[in-house]
Every structure is written in structure tokens, then in C-alpha cells.
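Asker:
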Amino acid sequence: MPRSVWKGPFVDRYLLKKAEESQEGKHKGGIKSWSRRSTILPQFVGLTFNVYNGQKFIPVHVTEDMVGHKFGEFSPTRSYYGHGADKKAKRK
Amino acid sequence: MNAPKSDKTHICLGAFAGAHGVKGDAKIKTFTETPKGIADYGPVTTEDGARTFTLSIVKVLSDGFVIARAPELKSREDAQALKAARLYVDRAALPAPDEDEFYLDDLVGLKAFDENGAPLGEVRAVYNFGAGDLLELGDIPDVKGVRLVPFTKEAVPAVDINAGRVTVSRAFLDLEDEPVLKNEDGQLVSNDVDVDLDAMRQEDS
Numbered sequence: 000m001p002r003s004v005w006k007g008p009f010v011d012r013y014l015l016k017k018a019e020e021s022q023e024g025k026h027k028g029g030i031k032s033w034s035r036r037s038t039i040l041p042q043f044v045g046l047t048f049n050v051y052n053g054q055k056f057i058p059v060h061v062t063e064d065m066v067g068h069k070f071g072e073f074s075p076t077r078s079y080y081g082h083g084a085d086k087k088a089k090r091k
Numbered sequence: 000m001n002a003p004k005s006d007k008t009h010i011c012l013g014a015f016a017g018a019h020g021v022k023g024d025a026k027i028k029t030f031t032e033t034p035k036g037i038a039d040y041g042p043v044t045t046e047d048g049a050r051t052f053t054l055s056i057v058k059v060l061s062d063g064f065v066i067a068r069a070p071e072l073k074s075r076e077d078a079q080a081l082k083a084a085r086l087y088v089d090r091a092a093l094p095a096p097d098e099d100e101f102y103l104d105d106l107v108g109l110k111a112f113d114e115n116g117a118p119l120g121e122v123r124a125v126y127n128f129g130a131g132d133l134l135e136l137g138d139i140p141d142v143k144g145v146r147l148v149p150f151t152k153e154a155v156p157a158v159d160i161n162a163g164r165v166t167v168s169r170a171f172l173d174l175e176d177e178p179v180l181k182n183e184d185g186q187l188v189s190n191d192v193d194v195d196l197d198a199m200r201q202e203d204s
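Protein chains in written order, with numbering that gives the first Met the number 0: chain W, 0 to 91; chain P, 0 to 204.
(1) So P:Lys82 and P:Ala16 are supposed to be a Cβ contact under 8 angstroms. How far apart are they, rounded?
(2) Taking one C-beta from the stretch 33-42 of chain P and one from the stretch 101-108 of chain P each time, how about it: are there three or more such pairs within less than 8 angstroms?
(3) Starting from P:Asp159, trace the beta strand (DSSP E) both ways and give me its first and last residue.
(4) Take P:Ser168 and list the residues in its own chain whose beta-carbon comes closer than 7 angstroms to its own, dropping the five residues that flank it on each side.
(5) Considering only the beta carbon of each residue, do P:Phe128 and W:Val66 sit closer than 9 angstroms?
(6) Any beta carbon from chain W within less than 9 angstroms of P:Lys58's own beta carbon?
(7) Would you mind stating whether P:Ala111 and P:Val122 have Cβ atoms separated by less than 9 angstroms?
(8) With 16 as the cutoff for other CB atoms within 10 Å, does W:Ala18 come out buried or exposed?
(9) Going by C-alpha distance, which of P:Thr151, P:Lys28, P:Ser74 and P:Thr29 is nearest P:Asp99?
(10) Give the straight-line distance between the Cα atoms of W:Thr76 and P:Ala14, rounded to the nearest whole angstrom.
(11) Taking Cβ positions only, does W:Pro1 come closer than 9 angstroms to chain P?
(12) Hey, out of W:Leu15, W:Glu23 and W:Ile30, whose CA is closest to W:Tyr51's CA?
(13) Closest to W:Lys6 by CA distance: which of W:Glu20, W:Thr38, W:Ser21 and W:Arg90 is it?
(14) Check the C-beta distance from P:Tyr87 over to P:Thr44 and give it rounded, since I have them as a contact under 8 angstroms.
(15) Taking 9 angstroms as the CB-CB limit, is W:Lys25 close to chain P?
(16) For W:Asp85, tell me which candidate among P:Arg146, P:Phe171, P:Gln79 and P:Thr8 has the shortest Cα-Cα distance.
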């Protein structure tokens, strides 16, 4: 069953506070967060969060497409190294 | 799964997974961006370079597998005998990437330095978990484990493939630990957002 709409999205409160601080220029390297369950809100767009996956912090740069998802979705807990082959990485 | 380690002159694009049918078609596991990409860069060779195959794709299967045909494979037995053989292509056969685009194999192994030239280990892997490309740095002096940095111009201001080095902004390396989930008083913070339920109910009614 989905979460009731009247409750609004769940976000850990300390994350909101850190996001506000980040807008003021703090947390330059990204906001460190253990809150994988928090929902990505529109005011997080453009910020980078370092989301813990139980072992290390995964940088998550928030874009508009990610709003409504949970932080944990972008910080997998299992690793698969895969193959480089002809795959490319783009520096943004 | 152990990834085949491509050297800088040969890139591993896939591996034979067995035979398909009775006419010498082969099932191939591809590691390329798109499964059909394994036939896009000309003939592929085995790891020792002894055999060359000119592949043409017959059918794309799920999970990165394709059915391919090659004139060098005459029978089912030929294809079956090659099971697990890896397929390589010359690095020069890959097209030059666009500006600010880099092949993952080119990035892996680069030495990392900070803005002042101090060593920061080397690039171990490149990931993308859905929130942009990330560089994994290992062997960082005085740091246990690995660190991930976003592959952005802000975090990685310079990439020099020919010189074998990347410049990484030290601010993105997260080298200092912070207290966990605690407020200014050292107490665990509340997990809920402030919601004025009474006001919301009044609006609904």
C-alpha cells in the first residue's frame, strides 16, 4: 500500500537542515547522509549528497528526474564491477 | 564475476557462451554499451590473437546476449569449442570520444593528484548508479579503503589521459568524519518532518 498523500513525503529533518546550510555555501564536498529512506524533494535539486551504503559514501548529485525517489535507490549496497568495453563516462 | 582485464591496446568486448542451432551460430555474452555493439568495430580476436572472427548479429537476446554468425565458424562443434573464449578488439578500432567523454578503460588506472600536486592514489573503477558517473579512488595516502568522487568538472577539474593523471578536488574526497545523526546537543535527531496535521485537516474539511 502506498504512503498516504496527506502525510506528505518523508524526509529526515536533519537532512532538510543540512540542505539549507548547503545553499548557504557549507558542505562543499557534498552532504553526508545515512538517511537512505528520505525522499528527494524539489529543494534538493542541484545539491550533492554522499549517501551511505553500509560500507562507503556514494555521491548522489540530485537532478529534477530524481525528485520523488528515495536516496537509497542511488546508493546500491551490492557491487558489480562489470566490464569497460566501449562504455564511456561523460564529465559534466 | 571476475572481469577480464583489458590492457590499453586491446579491449574485451564479449565472450562466447556456447553454440546455437546446427549451422555454426554462436551465442555471445556482450559487454558493450548495446549488445549489437560487439559487431560494430570490425573483426574480433581471441585473447591470444590466434583466431579472428567477423561477426554479424542474427538476433539480440535478453541480458546482453546475442546470437551471432561468422564465416570462420563452420559448424556447431566449432562454436561449442569456443565456449568461454573472450573476444577482443584493437583499442584503435574504437572511435574517438567526444569532448569531455572518456572510455572507462582509459580512466581506470590513472594516477590522481589534488590541486597542489599531492598524490591521491589512483582510479580503480568508474561507476554509474543512476546519479551520474563516479570515479573510485584507491591507494589514497593515509586513507583506509576507497573514496568515490563525482565525475564533474568541479570535482575533477582536469583529466589528462596521455599523461596518465587526473586532478581531483580534495573537498570532494570526504576525508574527515562527521558525527552521525546528532543535533547540536549530541542527541539523536527526530526522523519526521514537521507537519501541522491540524491545519491540514482543517484545509481538507
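We treat Cβ as the ideally placed atom computed from N, Cα and C, and that holds for glycine.
Answerer: Looking at the coordinates:
(1) To locate residue 82 of chain P, count along the second sequence from 1; it is residue 83. To locate residue 16 of chain P, count along the second sequence from 1; it is residue 17. So it is a contact: roughly 7 angstroms between Cβ atoms.
(2) no
(3) Position 160 of the second sequence, counted from the start, is the residue given in the question as residue 159 of chain P. Counting along the chain, the beta strand (DSSP E) containing P:Asp159 begins and ends at Ala157 to Asp159.
(4) As a working note, residue 168 of chain P is residue 169 in the second sequence. Taken in chain order, the residues that qualify are Glu114, Glu153, Ala154 and Pro156.
(5) The residue labelled residue 128 of chain P in the question sits at position 129 within the second sequence. The residue labelled residue 66 of chain W in the question sits at position 67 within the first sequence. Result no, Cβ atoms of P:Phe128 and W:Val66 do not sit closer than 9 angstroms.
(6) Within the second sequence, the letter at position 59 stands for residue 58 of chain P. P:Lys58 does not count as touching chain W.
(7) Looking up residue 111 of chain P in the second sequence gives position 112. Looking up residue 122 of chain P in the second sequence gives position 123. Yes, these two residues count as a Cβ contact at 9 angstroms.
(8) To locate residue 18 of chain W, count along the first sequence from 1; it is residue 19. Flag for W:Ala18 reads buried.
(9) Looking up residue 99 of chain P in the second sequence gives position 100. Among P:Thr151, P:Lys28, P:Ser74 and P:Thr29, the Cα nearest to that of P:Asp99 belongs to P:Thr151.
(10) As a first step, residue 76 of chain W must be located in the first sequence, where it is residue number 77. As a first step, residue 14 of chain P must be located in the second sequence, where it is residue number 15. Each residue's alpha carbon lies about 27 angstroms from the other.
(11) Position 2 of the first sequence, counted from the first residue, corresponds to residue 1 of chain W. No, because no Cβ of chain P sits closer than 9 angstroms to the Cβ of W:Pro1.
(12) The residue you call residue 51 of chain W lines up with position 52 of the first sequence. It is W:Ile30 whose Cα lies nearest to the Cα of W:Tyr51.
(13) The residue given as residue 6 of chain W occupies position 7 in the first sequence. Cα-wise, what sits closest to W:Lys6 is W:Thr38.
(14) Mapped onto the second sequence, residue 87 of chain P falls at position 88. Mapped onto the second sequence, residue 44 of chain P falls at position 45. Confirmed, Cβ separation roughly 5 angstroms.
(15) Locating residue 25 of chain W in the first sequence gives position 26, counting from the first residue. Not closer than 9 angstroms to any Cβ of chain P, the Cβ of W:Lys25 fails to qualify, so no.
(16) Residue numbering aside, residue 85 of chain W sits at position 86 when the first sequence is read from its first letter. Among P:Arg146, P:Phe171, P:Gln79 and P:Thr8, the Cα nearest to that of W:Asp85 is on P:Thr8.
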